[in-house]
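A.B. asks: For the record, the sequence lines run as chains Y and A. Numbering-wise (my numbering), the first sequence opens with residue 240 and increments by one. Numbering-wise (my numbering), the second sequence opens with residue 240 and increments by one. No residue lacks a Cβ here, since even glycine has one placed at the ideal position from N, Cα and C. Can you read through this structure? Questions will come right after.
Protein chains: 2
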Amino acid sequence: MEEKKITIFDVAARAGVSKGTVDRVLHNRGEVSRKSAEKVRKAIEELNYEPNLYASLLATKKSRMIACLLPEPEAGEYWEKVRNGFLAGGAEVAGLNIVTRLFSYDQYDPSSFDRACENLLAAAPAGVVLPPLFKNGTMSLASKLKAMDIPYVYVDTKLEDGDYFAYFGMPMYQSGYLCAALLTERLEPEEVKDVVVVRIIRDKSRQSDPTVSRREGFTDYILDHFPDCSISNIFIDPSRPESISKALKELTPERKLVVMFNSRIHLIADFLRRNPSPGRRVIGFDNLDRNMDALRDGLVTLLIAQHTERQSHNAVLTLSDYILVGKKPLNRDNYVHMDILSRLNIDNY
Amino acid sequence: MEEKKITIFDVAARAGVSKGTVDRVLHNRGEVSRKSAEKVRKAIEELNYEPNLYASLLATKKSRMIACLLPEPEAGEYWEKVRNGFLAGGAEVAGLNIVTRLFSYDQYDPSSFDRACENLLAAAPAGVVLPPLFKNGTMSLASKLKAMDIPYVYVDTKLEDGDYFAYFGMPMYQSGYLCAALLTERLEPEEVKDVVVVRIIRDKSRQSDPTVSRREGFTDYILDHFPDCSISNIFIDPSRPESISKALKELTPERKLVVMFNSRIHLIADFLRRNPSPGRRVIGFDNLDRNMDALRDGLVTLLIAQHTERQSHNAVLTLSDYILVGKKPLNRDNYVHMDILSRLNIDNY
DNA sequence: CGAAAAATCGTGCCCGTTCACGGAAATTCC
DNA sequence: GGAATTTCCGTGAACGGGCACGATTTTTCG
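As structure tokens, then:
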């Protein structure tokens, strides 16, 4: 039971070399003759030696780096929360010989994403955290990371590339499903003839829409439960605020059910304020400050939210665990809880 | 960005004492004058010093102990898997200055449970893993552990005492719900008039039945979907095998729907073999070898299983994380996936 | 006041690795 | 064969903190 710990010295003695040599073969950084390398390997084998993690961690000089690839967040935007979580996680693992670094890009400019990827790769991180915002760019990055044996963790949404190390985020499909259920709760079929989805015009560059599967979940629920319901889209362009109200003209007062699948429900808050419609139900996602304001003001009925910061926070912790001691996460896919926020439970969220 | 790490020496210098003194106040083990203790605390504060975890772990002599309180498992029994997981976890954290110890008791004898608790407390563990088999005994142990600030992790089932450190197990209610759904899948209401639940006679000593909420989930589903269905119980006594077939006389061939909520569906396998009934559906829980055999033989239709070992395994890892570096688990309640096993997918589970 | 006891405190070794440095051995080359 | 390389390998100083031991200071008390 009480087995003596075997150290690098024991191995060295057994192999008839010095601890320096053992260390060299352990980290196979050369400068060892074939013969003694063999002897050392044999000794390690026979003694069943495992290096002491703590000693190793204490002595090691180089600090590993965890990179985070994120859009440059505008103030109050969704990505700001993601970044905050990442920074918080970074603070937690600082002092463990782990540094964290942000690589940001312009979310409307795919070429800036590619440049950020290059920088990131050049910096040789030991692990990467990223939301797969641009599909192609992400895929290309992912394959390079895989080749270099660098683990990467998706947050927010995930690509099904089979090689990601872990995922932290909302179950997107279910969140859409939930959204539909909440939107139509206790409504009669004749009250659910028409649903308006407000969407963002994206320029072509953005090859992937992270909310597609959320939309699918939503649509599936509606089709299942209200086959006669039509789902129509209104597109708005956030870069031209003055155009928004024009586009929303279509949102006439008798259209009662409104949703947005991204985090920007606050964009239509102004319109809703100026065009009230009793009994209207508006559901959005994510607890951005401005969304919360709209919720408080009664412009938005419900928000489906998550503790966004925790995703990237946990992503960092998971990676650092793996980098330091090789520990894999309990689950590869980690779904956060979908919180339902209304005016009633919005306080101290 | 590149902040110099502050060590215990820096603190000592700043406070005008030696590192020995700093160390003493850090672990407040006395022998320090009020005055210099104050100076040291101030220095720590000002320098924002945090001890280097690795150095500390490397230097520290005493090894912490994680205890596991388990019923003495009979071969092939459910608890054997739990124990194996615990041992596996123990092996993983051995060499991290963490030892694991089993405290076992007779699951039919509450006084042996209490004795085991005493032994456990006397051994001063740094963390405890346990299934809350005896409710009263567990509650009393839990309150003592809380008072001593020793974290404990429930596996298998949990008590809602609000103070447990984490829980690893199946979502019990849902598992019952799932069980009912599977049992009645694609059956017409007139086919679901009668469900038989086979249960174990427990002597009074066993104050808690871990499967109650599973039974609730089951009942709720049935009541919801088949309000006309009656649920009847048959009690068997595993300590008197010869009595089992007598009790099961009531299970006549025309009664097609049979479930057991504990892990012992194998107990009725013999009876089912001798009294076949075409179209009968039998659902049990947990992948015990003998259950798997019954599944393979077609006596049991489905098993709802989980990777039992992983519960206790993860419990150990979680505790060791906390003990060593103070890290809390991502989620307090960790539900394992409910695997549905049939003859078709039983291989290499 | 001075010795004994008690309260404080400093010193130095240890934990098991990593890694730079320089020396020894083997190889190459003239 | 001897000098110049090249290849290999041993040494010892970190790394930052725990803790035993003994030294120093303060307190107690006759």
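#1: Using the three-state DSSP reduction, which class does A/Ser471 fall into: helix, strand or coil?
#2: Taking 7 Å as the limit between beta carbons, can you name the residues of its chain near A/Pro492, skipping five residues before and five after?
#3: If contacts are defined as beta-carbon pairs under 8 Å, then A/Thr396 and A/Pro370 qualify, I think. What distance do you get, rounded to the angstrom?
#4: Kindly say whether Y/Leu569, judged by its beta-carbon, lies nearer than 7 Å to any beta-carbon of chain A.
#5: Helix, strand or coil: how does DSSP classify A/Val279 here?
#6: Whose C-alpha, out of A/Ala544, A/Glu319, A/Gln413, is nearest the C-alpha of A/Ser452?
#7: So, at 8 Å on beta carbons, what are the nonlocal neighbours of Y/Thr299 in its own chain, with the 5 sequence-adjacent residues on each side left out?
#8: If contact means a Cβ-Cβ distance below 8 Å, which residues of the segment 278 to 299 of chain A contact chain Y?
#9: Quick one: which chain Y residues come within Cβ less than 8 Å of A/Leu422?
#10: Applying a beta-carbon distance threshold of less than 8 Å, which residues of chain Y neighbour A/Gly324?
#11: Taking the C-alpha atoms as reference points, what is the distance between Y/His576 and Y/Ala544?
#12: As an exercise, report each continuous alpha helix (DSSP H) stretch of at least 4 residues that is fully enclosed by the segment 416 to 500 of chain Y, in chain order.
#13: Under a CB-based cut-off of 7 Å, is A/Asn553 close to chain Y?
#14: Considering only residues of the segment 386 to 411 of chain A, which uninterrupted beta strand (DSSP E) runs meet the minimum length of 3 residues and lie entirely inside it, listed in chain order?
#15: Would you tell me roughly how many angstroms separate the C-alpha atoms of Y/Asn570 and A/Phe325, rounded to the nearest one?
#16: Using the Cα positions of A/Gly565 and A/Ala365, report the straight-line distance between them to the nearest angstrom.
#17: Which partner residues does A/Ile245 have in the DSSP bridge list?
#18: At 8 Å on the CB atoms, spell out the chain A contacts of Y/Gly334, in chain order.
#19: Between the alpha carbons of Y/Ala282 and A/Met387, how many angstroms are there, rounded?
#20: Relative to the C-alpha of Y/Ile579, which candidate in Y/Glu316, Y/Gly376, Y/Thr540 has its C-alpha closest?
#21: Between A/Arg549 and Y/Val250, what straight-line distance do the alpha-carbon atoms span, to the nearest angstrom?
#22: Name the one or two DSSP bridge partners that Y/Ile337 has.
#23: So Y/Phe589 is in the beta strand (DSSP E); what residue range does that whole segment cover?
#24: Does A/Ser382 pass the burial test, meaning 16 or more other C-beta atoms within 10 Å, or should it be called exposed?
#25: Which class does A/Phe342 belong to by DSSP, given the choice of helix, strand or coil?
#26: Answer with yes or no whether the minimum CB distance from Y/Glu241 to chain A is below 7 Å.
#27: I need the DSSP call for A/Asn291, collapsed to helix, strand or coil.
#28: Using the beta-carbon count (16 or more within 10 Å), is A/Gly315 buried or exposed?
#29: Helix, strand or coil: how does DSSP classify A/Gly329 here?
#30: DSSP three-state label for A/Gly255, please.
#31: Taking the C-alpha atoms as reference points, what is the distance between Y/Asp402 and A/Glu270?
C.D. replies: According to the data block:
#1: strand
#2: Asn514, Ser516
#3: 6 Å
#4: yes
#5: helix
#6: A/Gln413
#7: Asn336
#8: Glu289, Asn291, Leu292, Tyr293, Ala294, Leu296, Leu297
#9: Neighbours of A/Leu422 on chain Y: none; closest Cβ ~24 Å, over 8 Å.
#10: The contacting residues do not exist; A/Gly324 stays about 13 Å from chain Y at best.
#11: 8 Å
#12: 451 to 464, 480 to 486
#13: yes
#14: 391 to 395, 405 to 408
#15: 18 Å
#16: 12 Å
#17: DSSP output for A/Ile245 lists no bridge partner at all.
#18: Lys244, Glu289, Asn291, Leu292
#19: 45 Å
#20: Y/Thr540
#21: 34 Å
#22: Y/Arg303
#23: With chain Y represented from 240 up to 588, any question about residue 589 of chain Y goes unanswered, as that position is not in the structure.
#24: exposed
#25: strand
#26: Low local confidence applies: a pLDDT of 44 at Y/Glu241 is under 50, so the model's placement there is unreliable, and no value is given.
#27: coil
#28: exposed
#29: helix
#30: coil
#31: 55 Å
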